[in-house]
Every structure is written in C-alpha cells, then in structure tokens.
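Protein sequence lines, in the order shown, are assigned to chains A and B.
Quick note on numbering: the numbering used here labels position 37 of the first sequence as 230, and the sequence is numbered without any gaps.
Quick note on numbering: the numbering used here labels position 94 of the second sequence as 613, and the sequence is numbered without any gaps.
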Amino acid sequence: DVKVTQSSRYLVKRTGEKVFLECVQDMDHENMFWYRQDPGLGLRLIYFSYDVKMKEKGDIPEGYSVSREKKERFSLILESASTNQTSMYLCAIATTTGSGGYTFGSGTRLTVV
Amino acid sequence: AQSVTQLGSHVSVSEGALVLLRCNYSSSVPPYLFWYVQYPNQGLQLLLKYTTGATLVKGINGFEAEFKKSETSFHLTKPSAHMSDAAEYFCAVKEGGYSTLTFGKGTMLLVSP
Numbered sequence: 194d195v196k197v198t199q200s201s202r203y204l205v206k207r208t209g210e211k212v213f214l215e216c217v218q219d220m221d222h223e224n225m226f227w228y229r230q231d232p233g234l235g236l237r238l239i240y241f242s243y244d245v246k247m248k249e250k251g252d253i254p255e256g257y258s259v260s261r262e263k264k265e266r267f268s269l270i271l272e273s274a275s276t277n278q279t280s281m282y283l284c285a286i287a288t289t290t291g292s293g294g295y296t297f298g299s300g301t302r303l304t305v306v
Numbered sequence: 520a521q522s523v524t525q526l527g528s529h530v531s532v533s534e535g536a537l538v539l540l541r542c543n544y545s546s547s548v549p550p551y552l553f554w555y556v557q558y559p560n561q562g563l564q565l566l567l568k569y570t571t572g573a574t575l576v577k578g579i580n581g582f583e584a585e586f587k588k589s590e591t592s593f594h595l596t597k598p599s600a601h602m603s604d605a606a607e608y609f610c611a612v613k614e615g616g617y618s619t620l621t622f623g624k625g626t627m628l629l630v631s632p
C-alpha cells in the first residue's frame, strides 16, 4: 500500500511568516491534493496537481500556493500566514484515476498566532 | 456540479444499537461514492466505496452502504455499534475521470455505554 507522509503533525507559526507544508508519497502516483479541514465545514480543496510542475486551483486557493518539482513531493505554501489559516491540513493522493478514492496523510495541525 | 449533504452533524447511539449515517448527493453523471472515517488527530481512512455493479457495498469494521439512485442516497449502516466506532464520518462523491473528490461536512458518531 502507498504511504503518504506529512512532515509535521503540529506546527505553530507567527502571523506574516512564510510556511511550508510538505507531503511525500513513496510510490509513483500522479495526482496529489491539499485539503484543509475545519469543524463544521468538512474538507475543502485548496490545490491539486496531476503531474510534476502542473497545478490546479481548488475551491479555496486564496492565500496559498503549491510546488511540485518532483513527482513524489507536493508542497503547500502559505506566503504570509494569517490567523484565519489556522486549521488541519490534509494531503492526499489518488491511487487510481476514475473510480479510485484517495489515500490520506495523517495531517498537519497548523496554528498561526 | 457535484455536491454532498450529510444529515446531522452529530449522531448519538448506545453501544449495540443500529448505526445509520445519512448521505445524499447530487451529480450530473453516475457517481462514484465513498465513505471515510477519521479518528481523533488522524487522517481519513477509506471505509467503503461504490463504483459500479452491486448497490449494497460492504466495508471494513462491519459497515455497509447502499447506493439508491432514485433517492440519490448512499447511507452508511452498521447493525451493532461498538465503542471503537466513535469517530467522524465523511461521505464523498466523484464524477469519474479526472474529477476531484467532493466531501460532505461530516457526521460525528458518539457511542455511549
């Protein structure tokens, strides 16, 4: 089974800092996703990527950017962190196209103070 | 556009009682449907999925769900709740191809002794 690793479980950053959240898979899947999860709002898609150097905006891309220089790594970047970006961030990969679901990492709980 | 509605942000049952978590979807094409479970401070884990074929789908931990096209529903059930079932459950829909997963807002299942 594929493994999806998010580098940090808990992160505390200051307002205005540039924040990098890393996600690494141990296989060769093309499609990778970043979601944020907030109580009562479920999971909302921020960005996704279907190949190296390719990216697509999701439903809530404002305040975020992404980088995918290698197939196995997909990074989420908060250019200037704000308190309203305090959230749980979940990385996922699509293990197959079409009917396949996603495999998720364990999540990074980011607090911006 | 696809969307998912989960009825009830919280559902409480007694240990041994029937679990019923409701999910309705909208999709312009025959959908792929998923249920995920999230335990505290963890990522999401796939419980079961419907793609094509048999409309009653069995998943892990004794859960099952039935796809009812006429009702646009995909409710999750388990005959007898266990304390370890206490978690948050997410229903998700995908329209196939390269579309992304759209999640409901989640239902927290509380199990009392």
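Think of the CB as a built atom: it goes at the ideal place given N, C-alpha and C, for glycine as much as any other residue.
Quantities reported herein were computed from a predicted structural model and do not represent experimental measurements.
Linking residue 549 of chain B to residue 523 of chain B through their CA atoms gives a straight-line distance of about 14 angstroms. For residue 225 of chain A, DSSP records a beta bridge to A/242, A/286.
Taking a C-beta distance under 8 angstroms as the contact criterion, residue 240 of chain A and residue 302 of chain A do not qualify as a contact pair. Annotation for residue 301 of chain A: the continuous beta strand (DSSP E) segment containing it runs 301-305.
For the set A/230, A/235, A/226, the Cα lying nearest the Cα of residue 258 of chain A is the one of A/226.
By a beta-carbon distance limit of 8 angstroms, residue 236 of chain A does not contact residue 243 of chain A. Their separation comes to about 19 angstroms.
If you look at residue 569 of chain B, you'll find it in the beta strand (DSSP E) that goes 563-569.
Residues of chain A whose Cβ lies closer than 8 angstroms to the Cβ of residue 561 of chain B are, in chain order, 299, 300. A contact between stretches requires three or more CB pairs, one per stretch, nearer than 8 angstroms, and the segment 594-601 of chain B meets this requirement with the segment 531-543 of chain B.
Residue pairing of residue 253 of chain A in beta bridges, as defined by DSSP: absent, with no partner found.
Rounded to the nearest whole angstrom, the CA to CA distance from residue 614 of chain B to residue 604 of chain B is 29 angstroms. Under the Cβ distance rule, residue 240 of chain A does not count among the residues neighbouring chain B, no pair being separated by less than 8 angstroms. Straight across, the Cα-Cα distance linking residue 262 of chain A with residue 295 of chain A is about 21 angstroms. Within its own chain, the residues whose Cβ lies closer than 7 angstroms to the Cβ of residue 205 of chain A, once the five positions on either side in sequence are excluded, are 304, 306, listed in chain order. If you compare the alpha carbons of B/612, B/599, B/622 with that of residue 283 of chain A, the shortest gap goes to B/622. By the neighbour-count criterion, in which a residue is buried when 16 or more other Cβ atoms sit within 10 angstroms of its Cβ, residue 571 of chain B is exposed. Residue 224 of chain A and residue 238 of chain A have their C-alpha atoms spaced approximately 13 angstroms apart. Bridge partners of residue 619 of chain B according to DSSP: none are assigned. A distance below 6 angstroms between beta-carbons, with the five flanking residues on each side excluded, links residue 219 of chain A to the following residues of its chain, in chain order: 196.
In the DSSP assignment, residue 268 of chain A forms a beta bridge with A/215, A/260. Beta-bridge partners of residue 592 of chain B (DSSP): B/543, B/587. A straight-line Cα-Cα distance of about 29 angstroms links residue 274 of chain A and residue 627 of chain B.
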